[in-house]
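Student: Have a look at the structure that comes next, please.
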Amino acid sequence: MSWFRDLFTRPPVNAEGLPSPVSDEPASGMVPEEVIATKSPNRRQLVLLHALVVIVLSYQLIFSRTAIIAEEVAHLAIAGLLLSIVCLAAIPERFWFSRWFTGSLVLGDTAITTAMIYASGAANSNFYVAYFLILLIAALVPTLSQLMALTVVLCLAYGGVLYLDLSEHGSLNESQLLQIPILMILGIYYGVSNHSARQLNQDKQRLLREMQERRRVEEALRESEQRFHAFMDNSPSVAFIKDATGRMLYVNKTFERYFALSKTEWEGKKDLQLWPEPVARRLKDNDRHVLKYDRAIEIEESVPMPDGQVRAFMVFKFPLKDSTGRRLLGGIAIDITDRKESEQALRLTTEQFRCAFENAPIGMALVSLEGRCLRVNQALCHLVGYAESELRDATIQTLMDPDDRAFEWSSLCRALAGSIQADPVEKRFVHKHGHHVWVLINASLVQDSEERPIYYVVQMQDITPRKAAEDALKESEERYRRLVEVSPDAILIVRGMRIIFVNQTGFRLLGAVSPDQVINRSPLDFFDPDHDPDRLNTISQAIRSHEALSPVGHRLIRLDGASVDVEVAASALPFEKAVVSQVVVRDVTRQKQLEQRLNHSHKMEAIGQLAGGVAHDFNNMLTVINGHSALLLMDTVRLGDDQIRSLEQIQQAGSRAAGLTSQLLAFSRRQMLQPKVVDLNVVITRLQDMLKPLLGEDIELYVLLDPALNRIKADPVQLEQVVINLAVNARDAMPEGGRLTVQTENVDLAPGFESPEGERHEGPYIRMTVSDSGMGMDAAVLSRIFEPFFTTKPKGKGTGLGLATVYGIVKQSGGTILVNSEPGRGTTFQVYLPATKAPMDESDRASETDDLRGTETILVVEDEPAVRALVCDTLRVHGYGVLQAPHGFEAILQARHHVGPIHVLLTDVVMPQMGGRELAKELSSALPDLRVLYMSGYTDDAVFRHGVMTEGVNFLQKPFTTVALLRKIRKILGDVPPSCTVGVPDQSQEPHPGGDTV
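Listed below in structure tokens is the structure:
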């Protein structure tokens with residue numbers, strides 16, 4: 001019964017719980033190729049049950065009395081059934097795992113069974129019904145035990161049916177006796193078949209699930225391995241695995257890249273085959289330590305690189321085991337060469353910072369976030385005069401001047417934290433000794449690796465010298481700015497031929513009212529293009545190329561159209577990090593006017609010197625001519641009428657000649673003036689009656705006198721000459737008549753008042769204005785009217801000395817004269833003379849009845865023999881004793897050898913060898929009571945101030961008359977001392993002989 005017992009036992013399984021394999025390949029279409037074939041657990045039972053079914057059905061067909069088929073057909077069917085048992089046993093095992101095979105087998109057996117039962121004639125019997133109930137139960141009952149129980153119940157029920165049938169008919173045939181076993185066998189067969197098919201399907205589903213799980217696990221394993229390899233290959237660390245003997249089993253890509261090794265070069269190699277022996281031994285010793293003590297270590301190892309560089313690695317080595325339990329060594333190495341170099345650099349930097357901090361030439365401090373000094377260097381101690389211990393824990397603010405403590409440390413902290421912009425600040429520190437120190441403060445924030453602030457590094461630089469230099473520079477710049485602003489020269493800064501700066505003088509010179517009218521314009525816009533184009537081109541080239549240009553003359557055209565003569569100079573100037581041209585323009589209009597005046601003055605001076613020299617020589621000759629004619633006219637008894645008339649004509653001509661020389665001396669300012677305090681109104685009033693007939697009836701004379709006119713100090717005779725000459729000049733300018741106005745008034749000249757000659761006058765003056773309505777003068781005539789001998793009158797109508805005389809008298813009197821005239825509009829002369837508050841002088845008149853004779857001794861010194869002889873003869877005729885000498889040394893000799901008094905020294909001013917002034921000084925030291933009378937044709941000697949008689953000096957102007965000489969002698973001899981005889985000491989120089997004693 002073992003086969004029966006086997007029908008109800010579980011099929012055998014392998015170690016993994018799967019059916020035992022039966023084939024290398026599963027049946028096609030049943031399971032995937034990846035499924036491992038197993039042996040069928042029910043093949044034997046199904047074959048046996050199939051055989052039983054065939055046998056019992058064969059018996060049923062053989063013994064059935066109601067068979068519907070012939071016996072021969074029945075025998076063939078039974079033979080076919082028996083043959084199916086053999087065929088079924090011969091079918092390969094792999095087909096038994098196919099669902100279609102088991103189903104087909106059951107279906108075929110069901111069809112055969114149904115056909116056999118039908119052929120046996122039991123189609124209409126209860127057995128047929130029981131058979132289909134077995135089929136129904138086998139299809140519906142899920143478990144084999146339940147199916148067997150229901151089959152037994154059905155068989156018992158069918159047995160009861162057979163019993164009833166037996167009771168009814170009294171007998172059962174053989175086929176009926178076999179129906180209960182047939183039902184039992186069919187139930188067992190269908191139950192086992194369905195159970196096997198169901199179990200096989202469940203096993204296949206489980207196997208599929210397990211295969212899917214295994215596939216997922218394998219895929220996950222492959223993904224894990226891929227991630228591992230990707231991680232290790234992309235890791236910046238070097239990774240390797242060795243076996244216990246030191247052979248390389250695995251390295252990552254970083255290892256290969258670092259050491260330039262391919263898989264064939266490292267796989268299975270030991271350290272001695274990869275590295276130099278010393279390195280390999282150190283590595284091997286470390287590996288042995290890990291394997292010996294079975295624990296991980298962290299160690300620093302140095303390995304040479306392919307390029308020869310030795311790099312340091314921090315290596316983590318640890319023990320490993322593979323799936324077989326074999327001992328391995330794993331390692332991960334991190335390249336720390338750069339880190340070690342950074343650490344070394346950090347140490348070096350730290351040391352350098354310490355050295356720099358301690359030895360810095362500027363003050364430095366490490367300051368806490370609260371503002372207190374943590375550490376200071378010696379430079380800061382020296383800067384403020386405190387010791388390091390005194391500064392520790394002090395704040396920066398305590399070192400500052402109280403007025404500068406607006407510096408807020410919190411503001412600096414916010415600035416360094418990025419809240420506001422941090423800039424260096426300049427503060428005054430108070431030195432321990434009390435003086436101020438200017439300091440430039442710079443602070444920087446120090447942070448840790450997580451960018452958290454730690455402290456501040458504060459640098460404090462002594463900028464006291466710089467501040468002093470800045471103050472000096474500011475003062476210098478301010479001075480320069482003021483100099484530029486108040487400079488009398490125009491200063492322009494030109495960049496790119498555009499004016500970018502102009503000072504006040506500059507824009508005013510250019511005719512502008514503000515700099516905006518000049519800025520951004522070309523400087524060439526203001527130059528006259530028609531005036532000297534070559535010089536303008538030179539100026540333009542110098543400005544464009546920033547070249548130095550020496551002053552050159554040119555002409556500007558102002559914005560108002562007026563022209564100005566200027567001098568232009570240029571030079572390169574650094575300005576706002578570039579090079580520009582500085583152009584200096586000087587207004588030389590006044591300079592040219594002054595040069596013209598100076599040239600005119602020099603010309604007038606030269607003419608004056610010439611005229612004065614000529615007048616001096618003529619005065620000597622006229623003195624002789626007029627003197628001798630006067631001496632001859634004193635003795636008219638011996639002369640005839642014709643001789644007397646001739647002498648009178650000679651005397652008149654000499655007088656006229658003397659007048660001309662007097663005018664020449666007046667122009668050259670070398671005539672002798674006798675200034676007195678006078679009222680100009682009185683002088684003009686005295687001349688008014690004389691001027692009317694002089695002007696004629698066609699000219700109206702208007703005299704406007706200021707009753708409060710100030711007094712002046714001048715020679716009244718020369719003032720009359722000025723008024724007469726101006727009136728005559730006005731009369732000649734009005735041949736058809738007109739109007740002449742003479743006006744006086746007080747004026748107060750401002751300090752800036754200048755004469756045409758450039759002389760400055762200021763203070764109280766009187767002004768005499770003489771205006772006519774005549775034909776006027778143009779500029780050419782106006783520039784020469786004061787030149788001697790210059791006249792616009794017809795030949796023979798004037799000498800050209802009238803206005804020259806006026807000019808000389810006015811200048812010699814300390815004043816100036818201005819002229820304003822235009823053709824057809826008349827001429828106006830303005831004479832300015834300085835006012836005085838001195839009292840009026842009383843005029844002294846010499847009596848015409850004075851006795852001009854005398855008996856005193858007079859020493860006559862004259863280098864001109866004719867003049868000397870005339871003077872001596874004149875004095876002898878009038879009873880005087882005479883000593884004569886041609887020069888000073890002879891005069892000293894005469895005085896020394898003369899026995900008796902010498903009352904008067906009559907000497908020429910200008911003589912060779914010794915002048916009159918030196919002679920008078922020499923003799924006066926020996927003869928204190930000696931009277932001195934100077935005579936000269938002009939007055940350029942130092943004894944006179946500008947030709948004006950000095951107080952106490954007696955002077956006789958050549959040419960003089962006999963009467964003038966005698967009166968002057970008698971005047972100075974008013975009180976003659978009893979005796980003027982004094983010994984004259986020997987002179988250091990030998991006297992020159994040549995004088996005769998008369």
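Just so it is clear: in the sequence shown, position 249 is 249 by UniProt numbering, and no numbers are missing.
Virtual Cβ for every residue (Gly too), placed ideally from N, Cα, C.
Please say whether residue 734 and residue 778 have beta carbons closer to each other than 9 Å?
Tutor: no
Student: Any idea which residues DSSP pairs residue 884 with across the strands?
Tutor: 860
Student: Quick check: what's the CA-CA separation for residue 1001 versus residue 680?
Tutor: Given that the chain is displayed from residue 1 to residue 998, the structure contains no residue 1001 and the question cannot be resolved.
Student: Write down the C-beta distance between residue 492 and residue 585 rounded to the nearest angstrom, noting that I regard them as a contact closer than 8 Å.
Tutor: 7 Å
Student: Can you tell me the Cα-Cα spacing of residue 705 and residue 684, whole angstroms?
Tutor: 9 Å
Student: Please report the straight-line C-alpha distance between residue 292 and residue 253, rounded to a whole angstrom.
Tutor: 29 Å
Student: Going by beta carbon distance, what residues of the same chain come within less than 6 Å of residue 536, once the five residues before and after it are set aside?
Tutor: 527
Student: Going by DSSP, which residues form a beta bridge with residue 933?
Tutor: 906 and 954
Student: DSSP has residue 999 in a bridge; who is on the other side?
Tutor: Any answer about residue 999 is impossible in this case: the structure gives the chain only from 1 up to 998.
Student: According to DSSP, is residue 761 helix, strand or coil?
Tutor: Residue state, collapsed to three classes: coil.
Student: Please report how far the alpha carbon of residue 893 lies from the alpha carbon of residue 688, in whole angstroms.
Tutor: 55 Å
Student: Using DSSP with H/G/I as helix, E/B as strand and the rest coil, what is residue 752?
Tutor: Looking at residue 752 - three-state DSSP - the assignment turns out to be coil, as it is neither helix nor strand.
Student: Taking the straight line between their C-alpha atoms, what separation do you get for residue 465 and residue 344?
Tutor: 40 Å
Student: By the 10 Å Cβ neighbour count, where 16 or more other Cβ atoms means buried, how is residue 431 classified, buried or exposed?
Tutor: exposed
Student: Could you tell me which uninterrupted alpha helix (DSSP H) segments, each at least 4 residues in length, are contained entirely in the stretch 693-735, listed from first to last along the chain?
Tutor: Unbroken alpha helix (DSSP H) stretches of 4 residues or longer found wholly inside the stretch 693-735: 716-732, given in chain order.
Student: Quick one: any contact between the stretch 363-372 and the stretch 263-275, if contact means 3 or more CB pairs under 8 Å?
Tutor: no
Student: Expressed to the nearest angstrom, what Euclidean distance is found between the alpha-carbon atoms of residue 437 and residue 485?
Tutor: 35 Å
Student: Grab me the residues of residue 158's own chain with a C-beta within less than 8 Å of its C-beta, minus the 5 sequence neighbours each way, in chain order.
Tutor: Contacts found: 126, 127, 130, 179, 180 and 183.
Student: Short of 6 Å in beta carbon distance, which residues of its chain neighbour residue 512, apart from the five on each side in sequence? Order them along the chain.
Tutor: 518 and 559
Student: From the DSSP output, read off the bridge partner residues of residue 317.
Tutor: Residue 317 pairs with 297 and 331.
Student: Which one of 869, 806, 556 and 151 has the shortest CA to CA distance from residue 567?
Tutor: 556
Student: Check whether the stretch 497-505 touches the stretch 469-477, taking contact to mean three or more Cβ pairs, one atom from each stretch, closer than 8 Å.
Tutor: no
Student: Starting from residue 835, trace the beta strand (DSSP E) both ways and give me its first and last residue.
Tutor: 827-836
Student: Determine the direct distance from the alpha carbon of residue 302 to that of residue 340, and round the result to whole angstroms.
Tutor: Each residue's alpha carbon lies about 12 Å from the other.
Student: Would you identify the three-state DSSP class for residue 361, choosing helix, strand or coil?
Tutor: coil
Student: Could you round the C-beta distance between residue 333 and residue 313 to whole angstroms and report it? I think they count as a contact, below 8 Å.
Tutor: 4 Å
Student: Pick from 285, 286 and 261: whose alpha carbon is nearest that of residue 274?
Tutor: Here the closest residue by C-alpha is 261.
Student: At the level of alpha carbons, what is the spacing between residue 999 and residue 962?
Tutor: Lying outside 1 to 998, the shown extent of the chain, residue 999 is not represented and no answer is given.
Student: Tell whether a beta-carbon distance below 9 Å holds between residue 106 and residue 193.
Tutor: yes
Student: Under 9 Å between C-beta atoms, does residue 513 make it to chain C?
Tutor: Of the chains in the structure shown, none is chain C; there is only one protein chain.
Student: Report all residues from its chain with a CB closer than 8 Å to the CB of residue 753; omit the five preceding and five following residues, and keep chain order.
Tutor: 760, 761 and 762
Student: Can you give the Cα-Cα distance for residue 227 and residue 239, rounded to whole angstroms?
Tutor: 15 Å
Student: Suppose the cutoff is 6 Å on Cβ atoms and the five residues either side in sequence are ignored; what does the same chain contact list for residue 755 look like?
Tutor: 816
Student: Mind checking who residue 204 pairs with in its DSSP beta bridge?
Tutor: DSSP output for residue 204 lists no bridge partner at all.
Student: Please go through the same chain and pick out, in chain order, the residues whose beta-carbon is closer than 7 Å to the beta-carbon of residue 357, but skip the five residues on each side of it.
Tutor: 364 and 377
Student: Residues bridged to residue 304 by DSSP?
Tutor: According to DSSP, residue 304 shares a beta bridge with 310.
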